[in-house]
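A short worksheet on the structure shown next.
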Amino acid sequence: MHIAIIGCGASGLASIQRAIHHNVECTAFEMSDSIGGMWQYREETDLGDLGNPMYYSLRTNLPVPLMEFGDFKFEPKSGSSFPHHTEVMEYLDAFAERYDLYSRIKFHHKVIKIKRISEKWLINVKNLQTNEDEELEFDGVMICSGHFSKPLWPTIPGMESFPGMQIHSLCYRRNNIFKDKKVLVVGAGPSGMDIGVDIAEVAEKVIISYSRFSTKTKPAENVEMKPRTCSIEADIIHFADESCESVDAIIYCTGYKYYYPYLDPSCGIEVEDDLVIKPLFKHMFNIHHPSMCFIGLIRMISSILFYLQAEVYMKCLTQQVQLPSTEEMLKSFEEECEMKAKRNLPKSYFFFLGRNLHQYFDDLAEVGQLKPTPPALLNILRKVVSIVGEDFSKLRKYKFKIVDDVNFLCCEE
């Protein structure tokens, strides 16, 4: 049995390691010259398919225990529970070295097309250094190419009239270009809040505009939270509370498209409005052809999740456990779609599980006949969500430590 793994970020590395563990031959394809995926930092912003949202000062927004692969410990030199992106890259490299993952990776290789033919996966790959194409056959495919390279821009009346700088968070690198300026950040998700606070260190004022959720406290003294941005009229921004502000620059932290141009229709997968991938069982298995899976679609950049998904896939691929029937999986998918529709959630929230994330971990463990994720890890996640909701500015001041499977310590540094 031979599988292909597309992408070598954190989810790809977890997948390679679990394949090796289960004695499954694998070949991983990576477009760039390095592992790490979105954790690679590059000053350039015009990188096409290699674009990623990493910026100079970024630190994780999940603590170290949630960033670990299995029992491979992450011990940042800084001692922080929320390490800098360079420390995450060091951890990923150490993990790859420890389990000899590099020997399975073909760098500078871009997947052009994936087709389903006669119970096999036919993959066309281009060597970006020699410009040569190659067609290879596999028994399974793990798609780990992430979803942080194609920006999702909002449609706001009057955007084209704004005279100042407008960028997507994909292109944000350093805060110095916003020194002494008034800056609007559209979007109050994790990236919007983080970038807003980063810019606030040098800007005169930062306005963070939110659509659905907001922290209860100001994340910084010169940061103001505002409801939805309704329209733009030259340098004047109009908000849903009928207030308006003049700004010098706008950063859109409005998310990313799910972009898989290499999937042939024979794969049985549809990408709806660049936001919903269907039909999938448990947000990962291709229901029509379960030997194909997607790792890391859930809006939670956590190695414990990637590792669990990869392990469940391997258990199913090697027939240690059986997936439900196609009919049962389709019914499960349709029920989830109906539930999200009843809650009136936009399609951009399809892979956002919110309070259901903990149930998702339990569901995956059940599918793979694995021990449930230790309660301590899921309780740390609950604590992080609670801190962010109460006072975002305090999040990275906390230190987290696992005591045992049930208990953890949390205190301000």
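Those letters in the sequence shown? Residues 1 to 413, by full-length UniProt numbering. Positions of the beta carbon are idealized from the N, C-alpha and C atoms, including for glycine. Just so it is clear, the structure is predicted and the values come from calculations on it, not from any experiment.
Candidates the options: closest to residue i by CA position
{"i": "H283", "options": "Q359, C171 and P63", "result": "Q359"}
{"i": "I380", "options": "E119, E201 and I402", "result": "I402"}
{"i": "G51", "options": "F95, Y99 and H147", "result": "H147"}
{"i": "N222", "options": "I237, E233 and E204", "result": "E204"}
{"i": "D405", "options": "A376, Q319 and P76", "result": "A376"}
{"i": "G140", "options": "H168, A28 and S291", "result": "S291"}
{"i": "G196", "options": "I177, A220 and I143", "result": "A220"}
{"i": "E233", "options": "R116, G12 and M159", "result": "M159"}
{"i": "S243", "options": "C26, K257, K383 and E224", "result": "E224"}
{"i": "I251", "options": "L275, F285 and R173", "result": "R173"}
{"i": "residue 419", "options": "S11, I35 and K218", "result": "Outside the shown range of the chain, which is 1 to 413, sits residue 419, and nothing can be said about it."}
Residue span of the beta strand (DSSP E) that contains residue i, given as start and end
{"i": "C244", "result": "C244 to S246"}
{"i": "I6", "result": "H2 to I6"}
{"i": "L184", "result": "K182 to V186"}
{"i": "H85", "result": "Not the beta strand (DSSP E): H85 falls in the alpha helix (DSSP H), residues H85 to R98."}
Endpoints, alpha helix (DSSP H) assigned at residue i
{"i": "residue 486", "result": "Only positions 1 to 413 of the chain appear in this structure, which leaves residue 486 out of reach."}
{"i": "Q17", "result": "A10 to H21"}
{"i": "C253", "result": "Element bounds for C253: n/a, residue is neither H nor E."}
{"i": "S191", "result": "P190 to A200"}
{"i": "L330", "result": "T326 to K342"}
{"i": "V367", "result": "L357 to V367"}
Buried/exposed call for residue i, threshold 16 Cβ in 10 Å
{"i": "R59", "result": "buried"}
{"i": "T130", "result": "exposed"}
{"i": "G79", "result": "exposed"}
{"i": "M165", "result": "exposed"}
{"i": "Q369", "result": "exposed"}
{"i": "M339", "result": "exposed"}
{"i": "H168", "result": "buried"}
{"i": "D100", "result": "exposed"}
{"i": "S15", "result": "buried"}
{"i": "C267", "result": "buried"}
Alpha-carbon to alpha-carbon, residue j and residue i
{"i": "Y260", "j": "S246", "result": "38 angstroms"}
{"i": "D235", "j": "E97", "result": "51 angstroms"}
{"i": "L280", "j": "V202", "result": "44 angstroms"}
{"i": "I208", "j": "D33", "result": "36 angstroms"}
{"i": "L317", "j": "L364", "result": "14 angstroms"}
{"i": "C337", "j": "P324", "result": "18 angstroms"}
{"i": "G187", "j": "C253", "result": "5 angstroms"}
{"i": "M329", "j": "D194", "result": "37 angstroms"}
{"i": "S103", "j": "C411", "result": "41 angstroms"}
{"i": "K226", "j": "E119", "result": "53 angstroms"}
{"i": "Q322", "j": "E390", "result": "43 angstroms"}
Any chain B beta carbon closer than 9 angstroms to residue i
{"i": "Y252", "result": "Of the protein chains in this structure there is only one, and it is not chain B."}
*Segment contact flag, the stretch 138-156 with the stretch 352-368, C-beta cutoff 8 angstroms, min 3 pairs*: no
_Any contact between the stretch 290-310 and the stretch 66-76? By contact I mean 3 or more CB pairs, one from each, below 8 angstroms._
yes
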